[in-house]
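Numbering (the numbering used here), first residue to last: 22 to 496. Think of the CB as a built atom: it goes at the ideal place given N, C-alpha and C, for glycine as much as any other residue. Right, one structure below, let's go through it.
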Ligand code: SAM
Ligand code: SF4
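Okay, here's the thing in structure tokens:
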């Protein structure tokens, strides 16, 4: 069979499942990864054009050490070109771990009788948000198990509670969600509460593998989950995040699945996902990792580089599941957002002393438990510009409009100035002396790099206003 990379065997229609495993395997098996072809594909990507499935398959199958280096170098270049040195920071907050599903790999699965179940009370939610604000966090992702308790109305209420918590100059300005897929009405309800991104990870895009890991509860239905973010779009929630849990099935297939999902959303709604996540499977209570599909560090860095080239304008999220040195390495290939100061034990942010991880209380183990301050310090050390910017969604620059990201000068006009302003706030309100000194130096360097007198002076004026006590200034 001959495959046309621009028109897939299953034409894209709204809310119609779009994954064809045979098609994906055919692309992978028929890939032609000559040096010439790899260079052509890289050139297209550096031109900031999204790659099609055939092209991505070729990059995936480019296996020689030289080709892998070329791909990584190109990803590094593209990342600098599109995102600059800006890294957006956030923290996850687990609201409730009751769950009716039985995902084999997750510590919250219904069959895990060892797990200590909990839903944060309103008081606990508030005290956790206060603790996060006192550290300087501005962006959260709220995480929920799947349970009749966690209705869209309940989720919306917790979102509103979070937005209402203010501690000194601290406030949460963007609340994202990672929860079970909802109905169209349900997505409408959470959108009205003012959420940022709604994330649903497909876990594995391979339908047969999916069946093996999901043997109980609503999550058993592969297709329902696959088109759930179509329902979000139908509800007007155009800011969505996709993801695959690497380690469940062949990573090559999952990368293709993520790209296919991106293409589907673009074909149907004219807008791709806002973010892509690529968590790697971690140890969890009552779960032993299956070595068959585990992704090595070397392959993981390749995955990040290939995804960066495949979808130049999609935000890429890296979490504290990864060790600090891996995080440091892959930041250069393509990640635009990381979590920092992460605690995934229920309610742990407001506990004074909690330095150990307890699998009975956690979904899985994390590998980077540094504080927000430590992560920021390290980012500054490596010349990255930490950002707590929340401007786009508050200015309505989401969904199709977010594609303005591809407009030349967008980063310079909005992202860099907003990163500078939010870093200035962080330095004044939360940073220690050493971090502050490094931070101001980097701010100055970034202002100068704007190379536009008018813009430079309006950023400087706003920084001065922040020094005088104003907050939440953005472009
Ligand atoms: N319950 C909702 C769901 O399953 O979509 C949302 C929350 S779930 C807690 C968030 C994500 O955690 C899952 O989508 C899965 O990818 C990830 N996860 C689950 N178990 C994991 C493990 N052992 N290691 C790494 N990530 C895991
Ligand atoms: Fe429940 Fe989500 Fe864990 Fe599955 S991954 S058991 S749905 S919390």
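Exercise for review: Report buried or exposed for residue 169, applying the criterion of at least 16 other Cβ atoms within 10 angstroms of its Cβ.
Suggested key: exposed
Check your understanding: From this set, 192, 154, 146, which residue's C-alpha is nearest residue 175's C-alpha?
Key -> 146
Review point. Where residue 385 and residue 284 are concerned, what is the direct C-alpha to C-alpha distance, given to the nearest angstrom?
Key: 31 Å
Point to revise | Element boundaries [alpha helix (DSSP H), containing residue 407] | key: Run containing residue 407: none in the alpha helix (DSSP H); it sits in the beta strand (DSSP E), 406-408.
Review point. Assuming residue 348 contacts residue 339 under a Cβ cut-off of 8 Å, what Cβ separation, rounded to an integer in Å, is found between them?
Key: 6 Å
Point to revise | Spatially closest choice to residue 365 from 128, 57, 70, by CA coordinates | key: 128
**Study point:** Buried versus exposed call for residue 23 [16 or more other C-beta atoms within 10 Å across all chains shown]
**Key:** Here residue 23 scores only 48 on pLDDT, less than 50, and its place in the model should not be relied on; the value that follows carries that caveat. Label assigned to residue 23: exposed.
Check your understanding: By how many angstroms is the C-alpha of residue 222 removed from the C-alpha of residue 563?
Key -> There is no way to answer for residue 563, as the model of the chain reaches only from 22 to 496.
Check your understanding: Comparing the CB of residue 166 with every heavy atom of the ligand SF4, is any distance shorter than 7 Å?
Key -> yes
Practice item. Starting from the Cα of residue 432, find the closest Cα among 408, 448, 454, 231 and give me that residue. Key: 408
Practice item. Kindly list the residues whose CB is nearer than 7 Å to the CB of residue 171, restricted to its own chain and excluding five residues on each side of it in sequence; keep chain order. Key: 117, 165, 200
Check your understanding: Cα-Cα, which of 99, 96, 101, 42 is closest to residue 74?
Key -> 42
Point to revise | Whole runs of the beta strand (DSSP E) within the stretch 297-385, excluding any shorter than 3 residues | key: 336-339, 358-360
Exercise for review: Would you identify the three-state DSSP class for residue 120, choosing helix, strand or coil?
Suggested key: coil
Review point. Which two residues bound the contiguous beta strand (DSSP E) that contains residue 146?
Key: It is not in any beta strand (DSSP E) - residue 146 instead sits in the alpha helix (DSSP H) that spans 143-156.
Review point. Would you call the stretch 153-167 and the stretch 81-97 in contact, with 3 or more CB pairs under 8 Å?
Key: no
Point to revise | Three-way DSSP call (helix, strand, coil) for residue 240 in this model | key: helix
Practice item. Kindly provide the ranges of any alpha helix (DSSP H) runs that are 4 or more residues long and lie completely inside the stretch 189-270, ordered along the chain. Key: 205-213, 228-234, 243-247, 249-255
Practice item. Look at the alpha carbon of residue 183 and the alpha carbon of residue 196, and state the distance between them as a whole number of angstroms. Key: 8 Å
Review point. CB residue 239 to CB residue 49, shorter than 8 Å?
Key: no
Check your understanding: Which residues in the same chain have their Cβ closer than 8 Å to the Cβ of residue 363, if we skip the five residues on either side of it in sequence?
Key -> 112, 113, 340, 341, 387, 389, 390
Practice item. Give the single residue among 86, 32, 106, 72 whose Cα lies nearest to the Cα of residue 438. Key: 106
Review point. What residues in its chain sit with their C-beta under 6 Å from that of residue 35, if we drop five residues either side in the sequence?
Key: 251, 289
Check your understanding: What's the gap between the Cα of residue 354 and the Cα of residue 140?
Key -> 37 Å
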